[in-house]
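See structure below.
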Amino acid sequence: MKRLKYGFLGAALALGPLMGPTAIADDHAKKTKDLTSITGDTFQCIRDMTAVRGFYVDNLLGDLDATLEVANSETGGVYPAGSLIQLVPGEAMIKREKGFDEGTKDWEFFELIATKDGTKINKRGTTDIVNRFDGNCLECHVEAEPQWDLVCEQDRGCDPIPLTPTMTRAIQKTDPRCAPTALTDEEKEGLQMLMEMMGG
Ligand code: HEC
Numbered sequence: 051m052k053r054l055k056y057g058f059l060g061a062a063l064a065l066g067p068l069m070g071p072t073a074i075a076d077d078h079a080k081k082t083k084d085l086t087s088i089t090g091d092t093f094q095c096i097r098d099m100t101a102v103r104g105f106y107v108d109n110l111l112g113d114l115d116a117t118l119e120v121a122n123s124e125t126g127g128v129y130p131a132g133s134l135i136q137l138v139p140g141e142a143m144i145k146r147e148k149g150f151d152e153g154t155k156d157w158e159f160f161e162l163i164a165t166k167d168g169t170k171i172n173k174r175g176t177t178d179i180v181n182r183f184d185g186n187c188l189e190c191h192v193e194a195e196p197q198w199d200l201v202c203e204q205d206r207g208c209d210p211i212p213l214t215p216t217m218t219r220a221i222q223k224t225d226p227r228c229a230p231t232a233l234t235d236e237e238k239e240g241l242q243m244l245m246e247m248m249g250g
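Everything in the sequence shown is counted per the working numbering, starting at 51 for the first residue and increasing by one.
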C-alpha cells in the first residue's frame, strides 16, 4: 500500500527522471556523444547519479570529473557541456553545447515523468518551460548569483521551493525507477506533509 502511494506521489509530482533497467540507462548516459539526441532514455534512477550535497549530477559526454569540479567548487564556475543536474526525478537541467541559448547560459530545462517503466520527457526547452506548479524554471534559476551558473541550492539567491531537504530526500528515495529503499520516520513524515500540501 505504502509503496503504491509513494510511487504515485513520485509520478504525480514528476519530481524525478526515468529509465528502463538501470544498467542500460547508465550505459546509455555514458555513451551519448551527441547532445542533440537526448531522449527519455537519457534519464535514469536519480540515485545512480553522483550525489553532491542535496542534488545529483552526471555528465552525458563522459566528463563527470569536470562537472564535479564545478559542483564542488567553493567559488563557482561554468558547468561543462553534458552536465546533467537533478534534485528530483521530475525535473532536470542539462548543459548543452556552447551557443545553444544565451538566455539560459546554454542550459536546457526538462520536465520529466518518471515511472517504474522509465522516463518520458513531458516538456523541454529554454526560456518558456514551467513546472507543475506553473513556475518558470528560468525565472527562478536566473536569480542565482552569477558565479553559480543558474544552480540555486538553498542559499544562492533564488526564491525557495516549498520542499524541505527531508522532503527532497524522501522524493529521491521513492524514485519509481530505482530499487526500493527504506525511508526514515522523518522522511515518511516529510512525504505525508508533502501530500497534505498537494491537497492529497
Ligand atoms: C520557485 C522557483 C523555482 C522554479 C519555478 C524552479 N526551480 Fe528548480 N530549484 C529552485 C530552488 C530554490 C532549488 C534548490 C532547492 C534545494 O536545494 O532545496 C532548485 C533546484 C533545482 C535543481 C537542482 C540544482 C539547483 O539548482 O539547486 C534542478 C536541476 C532544478 N531545480 C531544475 C528546475 C527545472 C527544470 C524547473 C522547471 C521545470 C525548475 N527547476 C523550476 C527554484 C525553482
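Virtual Cβ for every residue (Gly too), placed ideally from N, Cα, C.
- Task: May I ask you to report which of helix, strand or coil DSSP gives L134?
- Result: The DSSP-derived three-state label of L134 is strand.
- Query: Given A121, which residues of its chain have a CB within under 7 Å of its CB, disregarding the five upstream and five downstream residues?
  - Reply: Excluding residues up to 5 positions away in sequence, V102 and V107 lie with their Cβ nearer than 7 Å to the Cβ of A121 in the same chain.
- Message: According to DSSP, M143 sits in a beta bridge with which residue or residues?
- Response: DSSP lists I135 and F159 as partners of M143.
- Message: Between G127, G90 and V138, which has its C-alpha nearest I211's C-alpha?
- Response: Taking each of G127, G90 and V138 in turn and checking the Cα distance to I211, the smallest one comes out for V138.
- Task: Compare the beta carbon distance of T169 and F93 with 8 Å and say whether it is the shorter of the two.
- Result: Going by C-beta atoms, T169 is nearer than 8 Å to F93.
- Starting from the C-beta of L241, find all residues in its chain whose C-beta is less than 6 Å away, skip the five residues before and the five after it, and write them out in chain order. A distance below 6 Å between beta-carbons, with the five flanking residues on each side excluded, links L241 to the following residues of its chain, in chain order: A220.
- Query: For ligand 1, is there a heavy atom less than 7 Å away from the beta-carbon of G153?
  - Reply: No, since every heavy atom of ligand 1 falls outside the 7 Å radius drawn around the Cβ of G153.
- List the endpoints of the continuous alpha helix (DSSP H) containing G240. From DSSP, the alpha helix (DSSP H) with G240 extends over D235 to M247.
- Query: Nearest to A194 by CA position, among D184, E147 and D209, is which residue?
  - Reply: The option with the nearest alpha carbon to A194 is D209.
- Message: I need the boundaries of the beta strand (DSSP E) containing T169, first residue and last residue.
- Response: Looking at the DSSP string, the run of the beta strand (DSSP E) that includes T169 is G168 to G175.
- Relative to the alpha-carbon of D98, which residue among L111, T86, Q136 and T117 has its alpha-carbon at the smallest distance? For D98, the closest alpha carbon among the candidates L111, T86, Q136 and T117 is that of Q136.
- Task: From the DSSP output, in three-state form, read off A229 for me.
- Result: Coil.
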